[in-house]
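Under our numbering, the first residue of the sequence shown carries the number 1, and numbering increases by one thereafter. Structure first, then comments.
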Amino acid sequence: MSTPAPRPSVLFVCVHNAGRSQMAAAFLTSLAGDKVEVRSAGSAPADTVNPAVVEAMKEVGVDISAETPKVLTVEAVQASDVVITMGCGDTCPVFPGKRYLDWQLDDPAGQGVASVRPIRDEIERRIRGLLVELELGLDR
1 MSTPAPRPSV
11 LFVCVHNAGR
21 SQMAAAFLTS
31 LAGDKVEVRS
41 AGSAPADTVN
51 PAVVEAMKEV
61 GVDISAETPK
71 VLTVEAVQAS
81 DVVITMGCGD
91 TCPVFPGKRY
101 LDWQLDDPAG
111 QGVASVRPIR
121 DEIERRIRGL
131 LVELELGLDR
């Protein structure tokens, strides 16, 4: 009897964990379901998720209104197979054996929902590409 392959785990990191990393985590969770373990964190987390980000995600049927920014911990990085940074620079600890990607994306902080939409759409595009790379496929 073969053991099932462990679920890959992905950590999304941005400075405030209030916009880009929240959108990325929500898209990955929405598209991959329980096939992947998803985390997000920030090197200097904000108090709340950016309201324009919440609104932009709601427009595509993903509700992140209950999410709260979390602080980046060494443990979260160690527990992840893939670490995707989005503008946190050198503040993310690096460990051997992890896959690191740096996604250059505009920061939605202080932007209205109209400015957040193209960032949201680019994140969704990249998440769909990540699903292919992780060989997880799409449920929808």
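Just so it is clear, CB atoms sit at the ideal spot from N, CA and C, and this is done for glycine as well.
Asked                                                                                                                     : Found
First and last residue of the uninterrupted alpha helix (DSSP H) at Val116                                                : 113 to 133
Cut-off 6 Å between Cβ atoms - residues of its own chain near Arg99, not counting five sequence neighbours on either side : Val82
Own chain partners of Val38 with C-beta closer than 7 Å, once the 5 adjacent residues on each side are dropped            : Val10, Ala25, Leu28, Thr29
C-beta neighbour in chain B for Ala32, strict 7 Å                                                                         : Given the protein chain composition of this structure (a single chain), no chain B is represented.
Inter-residue spacing [alpha-carbon to alpha-carbon] between Ala41 and Pro8                                               : 17 Å
Other residues of its chain near Phe95: CB distance less than 8 Å, five sequence neighbours each side excluded            : Val77, Gln78
Pro6 vs Asn50 beta-carbon contact at 7 Å                                                                                  : no
Which of helix, strand or coil DSSP assigns to Val94                                                                      : coil
Enclosing alpha helix (DSSP H) for Ser43 [first to last residue]                                                          : From DSSP, Ser43 is part of no alpha helix (DSSP H); its letter is neither H nor E.
DSSP three-state assignment for Thr147, whether helix, strand or coil                                                     : Beyond the ends of the chain as shown, which are 1 and 140, falls residue 147; an answer cannot be given.
For Val36 and Leu134, believed in contact at Cβ under 8 Å, the rounded distance                                           : 7 Å
Spatial neighbours of Thr48 in its chain, beta-carbon cut-off 8 Å, leaving aside the 5 residues before and after          : Ala18, Thr68, Pro69
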